[in-house]
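Asker:
Protein chains: 2
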Amino acid sequence: MSIGDYRLEEQIGFLLRRAHQRATAIFSARFAGHGLTPTQFAALAKIADEGEVSQNRLGRLTAMDPATMKGVIGRLSGRGLIAGRADQEDRRRTQWRLTEPGAALLAAAQKDGFGVTAETLDPLSPRERATFLRLLEKIT
Amino acid sequence: MSIGDYRLEEQIGFLLRRAHQRATAIFSARFAGHGLTPTQFAALAKIADEGEVSQNRLGRLTAMDPATMKGVIGRLSGRGLIAGRADQEDRRRTQWRLTEPGAALLAAAQKDGFGVTAETLDPLSPRERATFLRLLEKIT
DNA sequence: TCAAATTTGTTTGTATACAAATGGTTTTCC
DNA sequence: GGAAAACCATTTGTATACAAACAAATTTGA
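Line by line, the protein sequences are chains A and B. The first sequence maps to residues 8 to 147 in my numbering. The second sequence maps to residues 8 to 147 in my numbering.
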């Protein structure tokens, strides 16, 4: 019968899920005033990097599939933080860019973005932080 | 204006989200034949550990809030993998346990559970794995 | 060149994740 | 003993996450 020796607490998926939950909770607390979710903030930051970007490409840059991206884009554009224009060269595409309010919100929120990472990594020493980030990237 | 120097790829929340996505994808591939999601498998494994457990307690053990737990419990019991009975001592509680088919499915799936962790950690050396797990637990 | 393959974006459906509010039940503690 | 506090479970609503199927547009390649 022995359902033995499988320990949920030692499985990497479970640990990653919990760590991600904690990071999300820290994000939510610090971003309550901005009204942005982690994925919405990621999308704004990447649109700013790119200047102008299509929906699918933005999804690849932020690790969201097309169906998820559609929802995120819809909520951001619904709030007037981003605006889209039809691409003349490829009529399947819409190119998205920050609006002025979107750029202002992103600028105001960025220092809190750094704060989230700092607080999440707080239990680690500087040396451990570097190691952890290196290994985390390796398994991604 | 300088929207500068915030790099999404260096933020811990983004890295954890991507790593968790990869772990989930590996899980899904290996568990396709079992028809279990990561949270459903976690719930089955913890119920097996506990013998009998209430819904909220199971949620604490598996890191799911009550609303999420309700859905997971509903799907597992709907498939006949777990069964509940009213707790006599505390009439708020339902105690959940594995059914015979649930125990059989868990037993059949467990080796694949180890496989998920192994494949997810494959890019790391044994030494790196130990370090990574230690640091991951520290930030959780 | 033109059919096949790929890409972009949408829709539908299922499954977490969590906030907030609620109704019962049990525990605490004065 | 009884009111206040805490706890169990549910419900509603919003937001990812992703599979699968689809239409339209573009690119590829024989």
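Just so it is clear, CB atoms sit at the ideal spot from N, CA and C, and this is done for glycine as well. Treat the numbers as computed from the prediction; the structure is a model and nothing was measured.
How many whole angstroms separate the CB atoms of T147 of chain A and A26 of chain B, which I take to be in contact at a CB cut-off of 8 Å?
Answerer: The residue you call residue 147 of chain A lines up with position 140 of the first sequence. The residue you call residue 26 of chain B lines up with position 19 of the second sequence. Yes, T147 of chain A and A26 of chain B are in contact; Cβ-Cβ is about 5 Å, under 8 Å.
Asker: Give a yes or no on whether the C-beta atoms belonging to T138 of chain B and A30 of chain B are separated by under 8 Å.
Answerer: Locating residue 138 of chain B in the second sequence gives position 131, where the first residue counts as 1. Locating residue 30 of chain B in the second sequence gives position 23, where the first residue counts as 1. Contact: no.
Asker: Nearest to G20 of chain B by alpha carbon, out of A:S132, A:R134, A:P133 and A:D119?
Answerer: As a first step, residue 20 of chain B is located in the second sequence; it is residue number 13 there, counting from the start. The shortest Cα separation from G20 of chain B among A:S132, A:R134, A:P133 and A:D119 belongs to A:D119.
Asker: Under 8 Å between the Cβ atoms of P73 of chain A and L88 of chain A?
Answerer: What you label residue 73 of chain A is simply residue 66 of the first sequence in a count that begins at 1. What you label residue 88 of chain A is simply residue 81 of the first sequence in a count that begins at 1. It is not a contact, given that the beta carbons lie outside the stated cut-off.
Asker: Under 8 Å, Cβ to Cβ, is there at least one residue of chain B near A115 of chain A?
Answerer: Taking the first sequence and counting its residues from 1, one reaches residue 115 of chain A at position 108. A115 of chain A does not count as touching chain B.
Asker: Give me whichever residues DSSP pairs with G91 of chain A in a beta bridge.
Answerer: Numbered from 1 along the first sequence, position 84 holds the residue referred to as residue 91 of chain A. Paired residue(s): A:W103.
Asker: How many Å lie between A52 of chain B and E135 of chain A at the Cα?
Answerer: In the second sequence, the residue the question calls residue 52 of chain B occupies position 45. In the first sequence, the residue the question calls residue 135 of chain A occupies position 128. Using only the alpha carbons, I get a separation of about 31 Å.
Asker: Ignore the nearest five residues each way along the sequence and tell me which others in L15 of chain B's own chain have a CB closer than 7 Å to its CB.
Answerer: To locate residue 15 of chain B, count along the second sequence from 1; it is residue 8. Counting only Cβ-Cβ distances below 7 Å, and skipping sequence neighbours, we find F21.
Asker: Would you decide whether G66 of chain A is buried or exposed? Buried here means 16 or more other CB atoms lie within 10 Å of its CB.
Answerer: Residue numbering aside, residue 66 of chain A sits at position 59 when the first sequence is read from its first letter. Flag for G66 of chain A reads buried.
Asker: Please name the residue in B:Q28, B:D97 and B:R82 whose C-alpha comes closest to that of V60 of chain B.
Answerer: Residue 60 of chain B sits at position 53 when you count from the first residue of the second sequence. It is B:D97.
Asker: Whose C-alpha, out of B:Q102, B:P133 and B:A111, is nearest the C-alpha of H41 of chain B?
Answerer: Locating residue 41 of chain B in the second sequence gives position 34, counting from the first residue. Out of B:Q102, B:P133 and B:A111, B:A111 has the C-alpha closest to the C-alpha of H41 of chain B.
Asker: Grouping DSSP H, G and I as helix and E and B as strand, with all else coil, what is S35 of chain A?
Answerer: Start at 1 with the first residue of the first sequence, and residue 35 of chain A comes out as number 28. Reduced to three states, the DSSP call for S35 of chain A is helix.
Asker: Give me the chain B residues within the contact set of I80 of chain A, using Cβ-Cβ distance strictly less than 9 Å, ordered along the chain.
Answerer: If you number the first sequence from 1, residue 80 of chain A lands on position 73. Result: empty, since nearest Cβ-Cβ is about 17 Å, beyond 9 Å.
Asker: Which value, in whole angstroms, describes the spacing of the CA atoms of R37 of chain A and Q18 of chain B?
Answerer: Residue 37 of chain A sits at position 30 when you count from the first residue of the first sequence. Residue 18 of chain B sits at position 11 when you count from the first residue of the second sequence. Whole-angstrom Cα-Cα distance: 14 Å.
Asker: Could you please give me the residues that DSSP links to S61 of chain B through a beta bridge?
Answerer: Here residue 61 of chain B is taken as the residue at index 54 of the second sequence, counted from 1. Paired residue(s): B:Q102.
Asker: Counting only beta-carbon separations shorter than 8 Å, does T147 of chain A have a partner in chain B?
Answerer: Your numbering for residue 147 of chain A matches position 140 in the first sequence. For T147 of chain A, the answer is yes, since a Cβ of chain B falls inside 8 Å of its Cβ.
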